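Asker: Residue numbers (the numbering used here), protein chains in the order written: chain C, 1 to 113; chain A, 114 to 228.
The beta-carbon is built from N, C-alpha and C at its ideal position, and this holds for glycine as well.
Predicted model only: the values in this text are computed from it and were never measured.
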Amino acid sequence: GNSVTQMEGPVTLSEEAFLTINCTYTATGYPSLFWYVQYPGEGLQLLLKATKADDKGSNKGFEATYRKETTSFHLEKGSVQVSDSAVYFCALSEKNYGQNFVFGPGTRLSVLP
Amino acid sequence: NAGVTQTPKFQVLKTGQSMTLQCAQDMNHNSMYWYRQDPGMGLRLIYYSASEGTTDKGEVPNGYNVSRLNKREFSLRLESAAPSQTSVYFCASSEALVFGVETQYFGPGTRLLVL
């Protein structure tokens, strides 16, 4: 079945550091890929998404590129802020596969001032 | 515009007790979902409702029942709570169940502890 693997962390960075959170997936076909973010005490929010190979999703300075050849969708940001501290979830959804998203376990990011 | 709301925010149950988690959305979305979030496992789908009047099982439906009361509301019921159901429960909604492209909007979650 489909699955998503991501580094669990926690990841601790200093403000203005470069961020990479790795995400790889297994799917039977051609899924859409998502990054969701969960701030403390809140539900998940969509951060960015990509629906086909080589697409780049971007939002709030975060970027991720859909790499079909490596089955990856790594999240990057050039300069993190304290306000980026949250848990980040990689997820996939495959058309005609079924009814649900498949989420990774989440990566907790802490950014220190 | 409240988005997706859930009640209660936190609940403690004893084994064997029953309870209903409530969820409502004000975005006129057709599809609604219930997930549970456990450490190291991400979110897993319990039940979903593609549209008003329909419900279907997700990945982990055992021990749960759902009701799509109307287009706005989707409740999750635990008939006889077990410690294994200790988790954080999230409700979500999306405009339509179009696999692969839809964005889901999540509520703030209900933290449930079963003793």
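Taking only beta carbons into account, state which residues of the stretch 32-44 of chain C come closer than 9 Å to chain A, listed in chain order.
Answerer: Within the stretch 32-44 of chain C, the qualifying residues are Ser32, Phe34, Tyr36, Gln38, Gly41, Glu42, Gly43, Leu44.
Asker: Pick out whichever of A:Asp139, A:Phe123, A:Gln138 has its Cα sitting closest to the Cα of methionine 132 of chain A.
Answerer: Per the Cα distances, A:Phe123.
Asker: Check whether the Cβ atoms of proline 165 of chain A and arginine 181 of chain A lie closer than 8 Å to each other.
Answerer: Before going further, note that residue 165 of chain A is glutamate rather than proline in the sequence given. Yes. Within cutoff.
Asker: Is it right to say alanine 195 of chain A is buried, meaning 16 or more other beta carbons lie within 10 angstroms of its own, or is it exposed?
Answerer: Flag for alanine 195 of chain A reads exposed.
Asker: Using a cut-off of 8 Å between C-beta atoms, extract the partners of glycine 153 of chain A located in chain C.
Answerer: Near glycine 153 of chain A (Cβ distances below 8 Å), the residues of chain C are Glu8, Pro105.
Asker: Please confirm whether glutamine 198 of chain A and phenylalanine 101 of chain C have their CB atoms less than 8 Å apart.
Answerer: Contact flag unset, no.
Asker: Would you kindly report the start and end of the unbroken beta strand (DSSP E) that includes lysine 49 of chain C?
Answerer: Here the beta strand (DSSP E) through lysine 49 of chain C covers 44-50.
Asker: Using beta carbons (cut-off 8 Å, strictly below), is leucine 225 of chain A in contact with chain C?
Answerer: By this cut-off, leucine 225 of chain A is not an interface position.
Asker: Give the single residue among A:Gly116, A:Asn183, A:Arg157 whose Cα lies nearest to the Cα of valine 201 of chain A.
Answerer: The residue with the shortest Cα to Cα distance from valine 201 of chain A is A:Arg157.
Asker: For leucine 33 of chain C, count the other beta carbons within 10 Å of its own beta carbon; 16 or more makes it buried, fewer makes it exposed. Which is it?
Answerer: Leucine 33 of chain C comes out buried.
Asker: Applying the 10 Å Cβ sphere with the 16-neighbour rule, what's the burial state of glutamine 119 of chain A?
Answerer: Buried, by the Cβ-count rule.
Asker: Can you tell me whether DSSP reads aspartate 84 of chain C as helix, strand or coil?
Answerer: DSSP places aspartate 84 of chain C in helix when its eight states are reduced to three.
Asker: Report the CB separation of tyrosine 161 of chain A from tyrosine 177 of chain A in whole angstroms; it is logged as a contact under 8 Å.
Answerer: The pair is not a contact, with the Cβ atoms about 12 Å apart (cut-off 8 Å).
Asker: Buried or exposed: where does glutamine 138 of chain A fall if 16 or more other Cβ atoms within 10 Å of its Cβ makes it buried?
Answerer: By the 10 Å Cβ count, glutamine 138 of chain A comes out buried.
Asker: Tell me whether the beta-carbon of glycine 43 of chain C lies closer than 8 Å to the beta-carbon of phenylalanine 187 of chain A.
Answerer: Not in contact: glycine 43 of chain C and phenylalanine 187 of chain A (Cβ atoms no closer than 8 Å).
Asker: Between glutamate 76 of chain C and phenylalanine 18 of chain C, what straight-line distance do the alpha-carbon atoms span, to the nearest angstrom?
Answerer: Going by the C-alpha atoms only, they are around 7 Å apart.
Asker: Pull up the distance between the alpha-carbon of tryptophan 35 of chain C and that of glutamine 45 of chain C, whole angstroms please.
Answerer: C-alpha separation (whole angstroms): 9 Å.
Asker: Check for me: the beta strand (DSSP E) holding methionine 132 of chain A runs from which residue to which?
Answerer: Methionine 132 of chain A -> beta strand (DSSP E) spans 132-138.
Asker: On a CA-only basis, which of A:Glu208, A:Ala115, A:Pro121 is nearest arginine 224 of chain A? Give me that one, please.
Answerer: It is A:Pro121.
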